[in-house]
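Mapped onto the UniProt record's numbering, the consecutive letters of the sequence shown carry residue numbers 1 to 309.
Note that beta-carbon positions come from the ideal geometry of N, C-alpha and C, so glycine has one too.
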Amino acid sequence: MAAPQEQNLKPSAYEQSTLGVSISYHPAFSWPEADIVLQSSDGTHYRLDSYTLRTTSGLFSTILSLPAPQGGHMSEPIATHEPDGVVEPLLRLMCGLYTPPWTSYDELESVVFLAEKWDAPGPLSSLRTALATPKWLAAHPLRLYALATHFGWRPEARLASTYTLPLSLFDPTHADALARLSAPALLALLHLHRVRRTALRALLDSPARFLAGNGDPFHCAACAVTPLDNRSWRALKARIGRELDGAPLGAELGVPVGGMCDWPEARACWAARCTKEGCGAANYDRVATLKQIRACVDALPVSVDLGAD
């Protein structure tokens, strides 16, 4: 009987390079029975079960379906070319491990794009939920809007667009964030900001809403004799328009205390009086005018129109 042939057990290049060297694994990913090792760009090794990678990542499902290398050697670690700060959180999501609260939007966004690169829909859905919180919406509305429109997350995109309303889109500080938007997403956002300005100007010019200021002519409500001098009202409308150019949200408009009430144009408007001797009635009802201005602002669209979900 012929002697059995010896198998080729010559160490691979990776095994030769690590002979006598103890490979350290991330403590949360060091299962001895796992059969796949990933390596971050920081040199950290992550030992995982191939079944987990196959079922949670389309990319690794493809990679691990390729023929195994010849020679009977243990496969070398798969380089991720990503730092630990991005790899570890995504692997925790893929393996169902505890994920610490997110403290950095930059890190969260990087993990989102790595989940897209790895085709990991499960973690991506968890990350989507983590993004749509008031903390990140208030701090990075334009970046979140760009991210949501990139992935086609329409509810999150509409919500993020609402949080952009306190911003002036033409401020140079927002140039980089706007440059990340696709043309349709940018046009939709510009349209929202513009339509709020034009619609409010139309409402402020409406005689049906502001008869005393826009009636042509409108006589003093007290003496019914003197046509009102509406220069102060026109000046207030112009100031409102300028404010909306800088911040389409209009948070200061129509509030009873502070906000626009502190403007010189508003004080002049409330101080305007009928010039008829013996009358001197106020040209405008301050409380009613403020309520109507607020009602006009509240009637404006608050989010982009991206069609049905």
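In the three-state reduction of the DSSP assignment, residue 48 falls in the strand class, which pools E and B. Runs of the alpha helix (DSSP H) lying entirely within the segment 174–207 and spanning at least 4 residues, in chain order: 175–179 and 183–204. Nearest to residue 228 by C-alpha distance, out of 149, 82 and 219, is 219. For the set 232, 40, 85 and 104, the Cα lying nearest the Cα of residue 79 is the one of 40. Between residue 248 and residue 197, the CB-CB gap stays under 8 Å.
Shown here for residue 217: same chain residues with a beta carbon closer than 8 Å to its own, the five before and five after excluded, namely 227 and 228 in chain order.
Here the C-alpha atom of residue 302 lies approximately 9 Å from the C-alpha atom of residue 163. Around the beta carbon of residue 60, 16 or more other beta carbons lie within 10 angstroms, which makes this residue buried. Between the beta-carbon of residue 29 and that of residue 46 there is about 4 Å, and that keeps the pair under the 8 Å contact cut.
Judged by DSSP secondary structure, residue 63 falls within the alpha helix (DSSP H) whose first and last residues are 58–63. When the Cα atoms are used, residue 144 and residue 230 turn out to be separated by approximately 44 Å. For residue 89, the three-state secondary structure derived from DSSP is helix. In this structure, residue 221 and residue 268 do not form a Cβ contact; the two beta carbons are roughly 19 Å apart against a cut-off of 8 Å. Going by beta carbons, residue 201 and residue 292 fall outside the 8 Å limit.
Every alpha helix (DSSP H) of 4 residues or more that sits fully in the segment 91–148 is shown, in chain order, as 105–117, 121–131 and 134–139. Taking a C-beta distance under 8 Å as the contact criterion, residue 90 and residue 114 qualify as a contact pair. Under the DSSP assignment, residue 38 falls in the beta strand (DSSP E) whose first and last residues are 36–39. Residue burial annotation: residue 287 is exposed, with fewer than 16 other C-beta atoms found within 10 angstroms of its C-beta. Put simply, the segment 134–154 touches the segment 164–184. At least three CB pairs are less than 8 Å apart.
Residue pairing by DSSP places residue 219 opposite 227 in a beta bridge. Check the Cα spacing between residue 246 and each of 168, 265, 195 and 98: the tightest is with 168. For residue 25, the pairing in a beta bridge is given by DSSP as 45. Counting only the Cα atoms, residue 99 lies some 11 Å from residue 126. For residue 156, the enclosing alpha helix (DSSP H) stretches over residues 154–163. The three-state secondary structure of residue 247, taken from DSSP, is coil. With 16 or more neighbouring CB atoms inside 10 Å of its own CB, residue 193 falls in the buried class. The secondary-structure analysis by DSSP pairs residue 303 with nothing; it has no beta-bridge partner. Checking the DSSP bridge columns, you'll see residue 78 partnered with 38. Given a length threshold of 4 residues, each whole run of the alpha helix (DSSP H) inside the segment 233–292 is given here in chain order: 264–271.
One Cα belongs to residue 294, the other to residue 121, and the distance between them is close to 43 Å.
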